Amino acid sequence: MRKIILAGNWKMHKNQAESLDFVQAFKPEISNTDETREIVFCVPFTSLTIMSKNLHGSKIRLGAQNIHWADEGAYTGEISGSMLTEIGVNYVVVGHSERRQYFGETDKTVNLRLKAAQKYGIIPILCVGETKAQRDAEETESIIINQLQQDLVDVDQSSLVIAYEPIWAIGSGDTCESKEANRVIGVIRQQLDNKNVTIQYGGSVKPNNIDEIMAQPEIDGVLVGGASLDPSNFARIVNYQ
Ligand code: PEP
């Protein structure tokens with residue numbers, strides 16, 4: 014049985030006070046949300062502790078946006094698995110295109126981060142996806158298959174979420190057509206040993222397209238950037254019909 018996971022990625026948005034305001038406004042909006050829908054907020058490191066305290070006892074899970082592969086050490090600016098689990102982090106985003114594009118993340122380091130997360134009992138959300146140029150050159154499938162082959166070496170597929178995020182659709186308002194997202198996610202699933210991995214779609218998911226996206230049979234959830242910053246927008250996404 015594939016789990017439905019609706020995750021917000023706040024990126025570098027919201028200080029602690031803003032995070033708290035969000036949670037207070039959001040919680041009442043999900044009082045009737047089906048228990049089978051897992052809700053996750055992947056927040057900046059500085060908001061993890063206050064979020065953990067305020068999400069305790071709720072059905073919302075906590076996510077981070079990065080994890081280093083070493084247990085500890087001289088890695089300025091990085092964060093370890095034990096630092097995250099101490100706070101109660103359940104998920105971590107790994108290999109987001111912004112990390113790959115701006116911070117030199119490679120498939121090799123993505124693989125190391127995935128294994129580190131699993132070592133600490135944190136479920137990684139692995140992001141894969143193609144650029145516009147790669148799509149136009151009809152390389153979408155080969156790019157994604159290559160990413161998966163490298164990223165998933167020795168990764169436990171029973172504790173993994175994958176997000177298909179076409180890079181051209183992220184933050185652009187240019188959502189991938191839902192049937193096309195469904196098709197690519199089907200291709201991703203074919204590559205996996207465990208066919209029950211939750212595979213999300215990400216890229217300009219909004220209240221006005223969530224119902225159509227979640228109606229697709231291969232799509233098990235969404236990873237949402239911009240629209241997760243507003244409590245009522247994200248509530249509408251979580252409460253998709
Ligand atoms: C993302 O950050 O993973 C993302 C999909 O962003 P947005 O929803 O803003 O396109």
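Counting in my numbering, the final residue of the sequence shown is number 254, and the numbers go up one at a time with none missing. Think of the CB as a built atom: it goes at the ideal place given N, C-alpha and C, for glycine as much as any other residue. Quantities reported herein were computed from a predicted structural model and do not represent experimental measurements.
- Nearest to Val56 by alpha-carbon distance, out of Pro220, Ile100, Ala194, is Ile100.
- In this structure, the C-beta of Lys24 approaches the ligand PEP to less than 7 angstroms from one of its heavy atoms.
- Residue burial annotation: Asp233 is buried, with at least 16 other C-beta atoms found within 10 angstroms of its C-beta.
- The Cβ neighbour count for Ser95, taken over all protein chains shown within 10 Å, is under 16; the residue is labelled exposed.
- Look at Thr144 here: in three-state DSSP terms it is coil, with no helix or strand label.
- In the three-state DSSP reduction, Leu242 falls in the coil class, being neither helix nor strand.
- The beta carbons of Leu236 and Glu143 sit no closer together than 8 angstroms.
- A Cβ-Cβ distance of about 6 angstroms is found for the pair Gly76 and Val105, placing them in contact under the 8 angstroms criterion.
- Apart from the 5 residues on each side of it in sequence, Ile52 sits with its Cβ closer than 6 angstroms to the Cβ of Leu19, Ile73, Val251 in its chain, given in chain order.
- Looking at the DSSP output, Tyr214 sits in a beta bridge with Tyr177, Val235.
- As DSSP reads the structure, Pro137 sits in a beta bridge with Val105.
- Gly21 and Ala240 have their C-alpha atoms roughly 8 angstroms apart.
- Judged by DSSP in its simplified three-state form, Phe116 adopts coil rather than helix or strand.
- The way I'd put it, the region 161–174 doesn't touch the region 182–195; fewer than three beta-carbon pairs between them come closer than 8 angstroms.
- DSSP places Ala87 outside both helix and strand once states are collapsed to three, so it counts as coil.
- Thr62 and Ala150 have their alpha carbons spaced roughly 44 angstroms apart.
- By the Cβ-count criterion, Asp224 is exposed, with fewer than 16 other Cβ atoms from all chains shown falling within 10 Å of its own Cβ.
- Residue side-chain check: Val174 keeps its Cβ at 7 angstroms or more from all non-hydrogen atoms of the ligand PEP.
- For Arg196, the enclosing alpha helix (DSSP H) covers residues 191–204.
- Taking 4 residues as the minimum length, the alpha helix (DSSP H) runs contained wholly in the region 47–84 are 58–68, in order along the chain.
- Closer than 7 angstroms to some heavy atom of the ligand PEP: that describes the Cβ of Leu236.
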